[in-house]
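Participant: Pasting a structure here, questions to come.
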Amino acid sequence: MQNGTGNPMGQDGQGQSWVREVWDSNLEDEMAVLRDLVERYPYLSMDTEFPGVVARPIGNFRTSADYHYQTLRCNVDLLKIIQLGITFADEEGNHPPGVCTWQFNFKFNLSDDMYAQDSIDLLTKSGIDFKKNEEYGIDVEHFGELLISSGFVLLDDVKWVSFHSGYDFGYLLKILTCQPLPAEESDFFDLLRIYFPCIYDIKYLMKSCKNLKGGLQDVADDLQIARVGPQHQAGSDSLLTSKTFFKMRQTFFDDRIDDSKFLGYLYGLSSSFPNKDGHP
Numbered sequence: 001m002q003n004g005t006g007n008p009m010g011q012d013g014q015g016q017s018w019v020r021e022v023w024d025s026n027l028e029d030e031m032a033v034l035r036d037l038v039e040r041y042p043y044l045s046m047d048t049e050f051p052g053v054v055a056r057p058i059g060n061f062r063t064s065a066d067y068h069y070q071t072l073r074c075n076v077d078l079l080k081i082i083q084l085g086i087t088f089a090d091e092e093g094n095h096p097p098g099v100c101t102w103q104f105n106f107k108f109n110l111s112d113d114m115y116a117q118d119s120i121d122l123l124t125k126s127g128i129d130f131k132k133n134e135e136y137g138i139d140v141e142h143f144g145e146l147l148i149s150s151g152f153v154l155l156d157d158v159k160w161v162s163f164h165s166g167y168d169f170g171y172l173l174k175i176l177t178c179q180p181l182p183a184e185e186s187d188f189f190d191l192l193r194i195y196f197p198c199i200y201d202i203k204y205l206m207k208s209c210k211n212l213k214g215g216l217q218d219v220a221d222d223l224q225i226a227r228v229g230p231q232h233q234a235g236s237d238s239l240l241t242s243k244t245f246f247k248m249r250q251t252f253f254d255d256r257i258d259d260s261k262f263l264g265y266l267y268g269l270s271s272s273f274p275n276k277d278g279h280p
């Protein structure tokens with residue numbers, strides 16, 4: 001079977017079989033596969049690629065975290081997601097045999113859509129072909145409808161793993177709600193709690209990991225985890241996020257993360273969502 005770009009299904013442009021490229025033409029088929037897969041592999045490591053930062057909010061801000069949220073909000077509201085990578089794993093960190101990562105490629109038009117030029121240059125250098133996104137890309141509204149019923153969201157037993165992921169979850173919330181992001185950061189976290197009840201942000205977890213610092217690639221290098229695929233593509237980044245999370249959990253947390261300290265916090269933002277007892 002061929003996808004919309006003419007590449008064999010189950011392979012990317014370099015013939016790698018760990019990633020499944022998803023375009024508009026095979027979106028429904030792949031989401032049907034993933035609805036079954038998530039029941040056995042409920043740890044979803046996620047990364048997005050988006051067209052940079054084009055706006056800064058003006059005014060007075062209570063805290064630096066408030067400024068960061070307002071910057072996130074105005075950019076997510078203005079811009080479109082380009083790519084989403086999700087890698088599946090079980091509780092022990094085992095990936096499905098064969099394909100374990102799905103890379104969703106969204107409709108994006110360099111003539112019509114807003115972007116920061118440096119971000120587009122970086123993504124192009126990383127192998128993203130924007131002509132394919134324009135011609136074969138997924139419609140975000142269609143994806144949002146399928147995501148709502150996917151078994152990925154709204155469920156306590158699905159764990160989302162990410163790295164410094166305020167923007168990533170901002171774009172996903174925008175897709176799920178078809179609305180601009182809330183004006184207040186606390187309302188953003190209320191929404192996040194509904195759709196993504198269990199989130200671990202590796203960058204936040206690093207606060208309690210001695211000697212770990214820097215970006216995802218730095219942490220992976222420190223933990224001696226090899227990257228598969230190109231950096232700055234969402235599929236490769238999500239697979240590296242998955243491997244890094246489980247190695248960190250084993251190395252620094254004795255394979256048990258204290259949810260009361262780490263669940264639901266996003267690095268760089270001030271709030272977290274409440275626990276079951278209503279306390280942050």
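Everything in the sequence shown is counted per my numbering, starting at 1 for the first residue and increasing by one. We put the CB at the ideal spot given by N, CA and C, even for glycine. What you are looking at is a predicted structure, and each value in this text was computed from that prediction instead of being measured.
1) Using CA coordinates, which residue listed in Tyr41, Gln103, Arg62 is at the minimum distance from Ser17?
2) Could you give the DSSP three-state label for Tyr200: helix, strand or coil?
3) Can you list, in chain order, the residues of its chain whose CB lies under 8 Å from that of Tyr69, leaving out five sequence neighbours each side?
4) Terminal residues of the continuous alpha helix (DSSP H) containing Asn133?
5) Mind checking Glu21: buried by the 16 CB within 10 Å criterion, or exposed?
6) So is Gly215 buried or exposed if we call it buried at 16+ other beta carbons inside 10 Å?
7) Within 10 angstroms of the Cβ of Asp277, are there 16 or more other Cβ atoms? Answer buried if so, exposed if not.
8) Is it right to say Met1 is buried, meaning 16 or more other beta carbons lie within 10 angstroms of its own, or is it exposed?
9) Looking at the unbroken alpha helix (DSSP H) that takes in Lys243, where does it start and where does it end?
10) Using DSSP's beta-bridge definition, name the partner residues of Ser45.
11) Applying the 10 Å Cβ sphere with the 16-neighbour rule, what's the burial state of Lys207?
12) Does the beta-carbon of Asn60 have 16 or more other beta-carbons within 10 angstroms, so that it is buried, or is it exposed?
13) Find out if the Cβ-Cβ distance for the pair Lys247, Leu223 is shorter than 7 Å.
14) Counting along the chain, where does the beta strand (DSSP E) carrying Asn75 start and finish?
15) Measure the C-alpha to C-alpha separation of Asp129 and Asp118 and round it to an integer number of angstroms.
16) Out of Met31, Ser45, Ala32, which one is the CA nearest neighbour of Cys198?
17) If we ignore side chains and look at the alpha-carbon of each, how far apart do Leu266 and Gly170 end up?
18) Could you check whether Ser150 and Asp201 sit closer than 7 Å to each other, using their CB atoms as the reference points?
19) If you check the beta carbons only, do Lys80 and Asp113 fall under 7 Å apart?
Facilitator: This is what the structure gives:
1) Counting from one through the sequence shown, the residue named residue 17 turns up at place 17. Comparing Cα-Cα distances from Ser17 to each of Tyr41, Gln103, Arg62, the minimum goes to Gln103.
2) Numbered from its first residue, the sequence shown carries residue 200 at position 200. Tyr200 sits in a strand when the DSSP states are folded into three classes.
3) Taking the first residue of the sequence shown as position 1, residue 69 is located at position 69. Excluding five sequence positions before and after Tyr69, the CB atoms of its chain that fall closer than 8 Å to its own CB belong to Gly166, Glu185, Phe188, Leu269, Ser270, given in chain order.
4) For the purposes of this step, residue 133 is taken as the residue at position 133 of the sequence shown. Per DSSP, Asn133 belongs to the alpha helix (DSSP H) from 130 to 136.
5) Position 21 of the sequence shown holds residue 21. Flag for Glu21 reads buried.
6) What you label residue 215 is simply residue 215 of the sequence shown in a count that begins at 1. Exposed.
7) To locate residue 277, count along the sequence shown from 1; it is residue 277. For Asp277, the predicted model reports a pLDDT of 44, less than 50, meaning its position is unreliable; a value from the coordinates is still stated below. Exposed, since its Cβ has fewer than 16 Cβ neighbours within 10 Å.
8) For the purposes of this step, residue 1 is taken as residue 1 along the sequence shown, with counting starting at 1. Any answer about Met1 is weak, because its pLDDT of 30 lies below 50 and its placement is not dependable; what the coordinates show is given next. Here Met1 is exposed, its C-beta having fewer than 16 other C-beta atoms within 10 Å.
9) Numbered from its first residue, the sequence shown carries residue 243 at position 243. Per DSSP, Lys243 belongs to the alpha helix (DSSP H) from 234 to 252.
10) For this step, residue 45 is matched to residue 45 along the sequence shown. Thr87, Val161, per the DSSP bridge assignment.
11) Translated into positions along the sequence shown, residue 207 becomes position 207. Its Cβ having fewer than 16 others within 10 Å, Lys207 is exposed.
12) Along the sequence shown, read from residue 1 onward, the residue named residue 60 stands at position 60. The residue is exposed, with fewer than 16 neighbouring Cβ atoms inside 10 Å.
13) The residue you call residue 247 lines up with position 247 of the sequence shown. The residue you call residue 223 lines up with position 223 of the sequence shown. The answer is yes: Cβ separation under 7 Å.
14) Residue numbering aside, residue 75 sits at position 75 when the sequence shown is read from its first letter. For Asn75, no beta strand (DSSP E) segment is defined; the enclosing uninterrupted segment is the alpha helix (DSSP H) at 64 to 78.
15) If you number the sequence shown from 1, residue 129 lands on position 129. If you number the sequence shown from 1, residue 118 lands on position 118. Straight-line Cα distance between these residues: approximately 15 Å.
16) In the sequence shown, counting from the first residue as 1, residue 198 sits at position 198. Among Met31, Ser45, Ala32, the Cα nearest to that of Cys198 belongs to Ser45.
17) Looking up residue 266 in the sequence shown gives position 266. Looking up residue 170 in the sequence shown gives position 170. Looking at the backbone, the Cα of Leu266 and that of Gly170 are separated by about 11 Å.
18) Residue numbering aside, residue 201 sits at position 201 when the sequence shown is read from its first letter. Residue numbering aside, residue 150 sits at position 150 when the sequence shown is read from its first letter. Not closer than 7 Å, so no.
19) In the sequence shown, counting from the first residue as 1, residue 80 sits at position 80. In the sequence shown, counting from the first residue as 1, residue 113 sits at position 113. Taking 7 Å as the Cβ cut-off, Lys80 and Asp113 qualify as a contacting pair.
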